[in-house]
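J.: Input: one structure, supplied below.
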Amino acid sequence: MTVRLALADDQALVRAGFRSLLDNTPDIDVVGEAADGRAAVELALRTRPDIMLMDIRMPVLDGIEATREICAHPSLGNVRVVVLTTFEIDEYVFAALRAGASGFLVKDVEPDDLRHAVRVVAAGEALLSPSVTRRLIAEFVSTPHRTPAQTALINELTDREREVTAMAAQGLTNHEIADRLVISVATARTHISRAMTKVGARDRAQLVVFAYQSGLVRAT
């Protein structure tokens, strides 16, 4: 399967670097570029990419607002946004995840790691490493206040769905969850999928955010 990818960054040199790298990857097709957030939204509507690599700090419309618009648009439900950051911990990263981003990458990512990241998100996984996830959550939601709506959603989950949601929030993959619970990978994937549906999570990254924001999992 070829992954259709769009780039949004206000620095032409950064866009050119990513494009040069990804255009030479057989299973990735770069379908367009945007130099600001508004153009990124228009590009997403025009090309319907599988993945949008989105810088955060951009003119006209910043990457967070652009991500929010893309993820909320009814015709862009299949577009996955990966935000690009200059540093591993960026004060805006969690806001981007809340806006609907499926993960994030630092701009000095190694070429092979970038290719792998694009494929991971295109396959429906969250691009959130365990160590960075824990630090982000500790930074932004260390004292969650569960709302009545979140309590109602948690109550919709079965015990096993709560269990796999908590493990996903701790950074475990489907294979690791399956090994820990002595179930098949397909069963672990099914539990995750059902939990996402019940809490209204767009993807695995949003399920992780929900787990911490609702207090189902506490930052340690």
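Going by numbering that gives the first Met the number 0, the sequence shown opens with residue 0, and the numbers climb by one from there. In this text, a Cβ means the ideal position worked out from N, Cα and C, and glycines have one as well.
#1: Does the segment 62 to 80 come close enough to the segment 33 to 40 that 3 or more CB-CB pairs lie under 8 Å?
#2: By DSSP's criteria, MET166 is part of a beta bridge. Which residues make up the other side?
#3: At what residues does the beta strand (DSSP E) containing ALA5 begin and finish?
#4: Tell me the rounded alpha-carbon separation between VAL13 and VAL208.
#5: Within the continuous beta strand (DSSP E) that includes THR235, where are the two ends?
#6: Does the Cβ of ALA148 have 16 or more other Cβ atoms within 10 Å, making it buried, or fewer, making it exposed?
#7: On the DSSP letters alone, give me the boundaries of the beta strand (DSSP E) that THR84 sits inside.
#8: Check each candidate in SER183, LEU83, VAL2 and ARG159 and name the one with the smallest Cα separation from ASP26.
#9: Give a yes or no on whether the C-beta atoms belonging to VAL120 and GLY102 are separated by under 7 Å.
#10: Hey, out of ALA7, GLU109, LYS197 and THR150, whose CA is closest to LEU215's CA?
#11: Just the C-alpha distance for MET226 and ASP8, rounded to the nearest angstrom, thanks.
#12: Look up VAL29 in the DSSP assignment and give the residues it is bridged to.
#13: What are the boundary residues of the beta strand (DSSP E) that includes MET57?
#14: For ASP112 and LEU171, what's the separation of their Cα atoms in angstroms?
#15: Around the C-beta of SER183, are 16 or more other C-beta atoms found within 10 angstroms, so that it is buried, or is it exposed?
#16: Indicate the three-state DSSP secondary structure (helix, strand or coil) for LEU104 in the structure shown.
#17: Counting C-beta neighbours from all protein chains within 10 Å, is the total for VAL181 16 or more, i.e. buried, or is it exposed?
#18: For LYS106 and ASP158, I'd like the C-alpha separation in whole angstroms.
#19: For LEU83 versus LEU52, is the C-beta spacing smaller than 7 Å?
T.: Taking the geometry as given:
#1: Yes: at least three Cβ pairs fall under 8 Å.
#2: DSSP links MET166 through a beta bridge to no other residue.
#3: Here the beta strand (DSSP E) through ALA5 covers 2 to 7.
#4: In a straight line, the C-alpha of VAL13 is about 29 Å away from that of VAL208.
#5: Only positions 0 to 219 of the chain appear in this structure, which leaves residue 235 out of reach.
#6: Under the 10 Å beta carbon count, ALA148 is surrounded by fewer than 16 other beta carbons and is classified as exposed.
#7: Note, THR84: beta strand (DSSP E), 79 to 84.
#8: A check of alpha carbon separations from ASP26 across SER183, LEU83, VAL2 and ARG159 identifies VAL2 as the nearest.
#9: Judged by beta-carbon spacing, GLY102 lies within the 7 Å limit of VAL120, meaning their Cβ atoms are closer than that value.
#10: Relative to LEU215, the option among ALA7, GLU109, LYS197 and THR150 whose CA is nearest is THR150.
#11: The requested residue 226 is not part of the displayed model; the chain covers only 0 to 219.
#12: Its beta-bridge partners are LEU4.
#13: Per DSSP, MET57 lies in no beta strand (DSSP E) segment and is marked neither H nor E.
#14: CA-to-CA, the gap between ASP112 and LEU171 works out to about 18 Å.
#15: Result: exposed.
#16: Note: LEU104 maps to strand in three-state DSSP.
#17: Under this definition VAL181 is an exposed residue.
#18: Using only the alpha carbons, I get a separation of about 39 Å.
#19: Yes, Cβ-Cβ distance for LEU83 and LEU52 is below 7 Å.
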